[in-house]
Amino acid sequence: MSGSVNKVILVGNVGQDPEIRSFQSGGKVCNLSIATSERWKDRETNEQKERTQWHRVVVFNENLINLIEQYVKKGSKLFIEGQLETRKWTDSNGQDKYATEVVLRNFRGELTFLDNRSSGGDNNIDNNNSENNLVNDNSSSEPPESLEKIDNDIDDDIPF
């Protein structure tokens, strides 16, 4: 194998308000905890079961951190794409400690806010590290005129 891939995609809810710290050098870091859950029906008891996994997420991209400060709070639903990294440190007792985290660095991560205004938050931001655009919440279920024009211009004579 000539290469490798280190990519993590999570869709989940924020477990507590984001923790944002500043470095002495002026940079920022944001720590989040994201919960992902799976649900199933137990075959034997016919009971609904649920299992929740908690994921540590660390954001070093200052543009994303600024948006997180404004729009993310406990319960926000996020799409996160980053890389797994394991940190090692020594605690005060001399024991080696390890933490595996999903890390979003500059130009190597994506964060999309999945909440809409009606769910209690103003989390209508989509950011893929190249743009910081607010997404307008169109309460109308009709597509914009520009999409209708494109739809009408598509030729339906596709051979497959």
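In case it helps, this note's numbering puts the sequence shown at residues 1156 to 1315.
Beta carbons: idealized from backbone N, C-alpha and C, even for Gly.
Reference residue i, options the options, closest by Cα
| i | options | result |
| --- | --- | --- |
| Val1227 | Ser1157, Ile1164, Asn1168, Ser1159 | Asn1168 |
| Gln1171 | Thr1245, Val1257, Ala1190, Phe1262 | Ala1190 |
| Thr1245 | Gly1182, Ala1254, Gln1179, Glu1202 | Ala1254 |
| Lys1183 | Asp1197, Arg1242, Leu1259 | Leu1259 |
| Glu1265 | Arg1242, Leu1219, Gln1203, Asn1248 | Leu1219 |
| Leu1233 | Ser1159, Gly1158, Val1166 | Val1166 |
Euclidean distance between Cα positions of residue i and residue j
| i | j | result |
| --- | --- | --- |
| Thr1200 | Glu1193 | 18 Å |
| Glu1174 | Asn1186 | 5 Å |
| Val1257 | Glu1236 | 8 Å |
| Lys1229 | Phe1178 | 24 Å |
| Thr1207 | Val1214 | 22 Å |
| Glu1240 | Phe1268 | 23 Å |
| Ser1188 | Arg1198 | 31 Å |
| Ser1231 | Lys1196 | 26 Å |
As assigned by DSSP and simplified to three states, the class of residue i
| i | result |
| --- | --- |
| Asn1221 | helix |
Cβ-Cβ separation, residue j to residue i (assumed contact under 8 Å), whole Å
| i | j | result |
| --- | --- | --- |
| Gln1225 | Lys1162 | At roughly 27 Å, the Cβ-Cβ gap does not stay under 8 Å, so Gln1225 and Lys1162 are not in contact. |
As an exercise, report each continuous beta strand (DSSP E) stretch of at least 3 residues that is fully enclosed by the region 1207–1251, in chain order.
1232–1245
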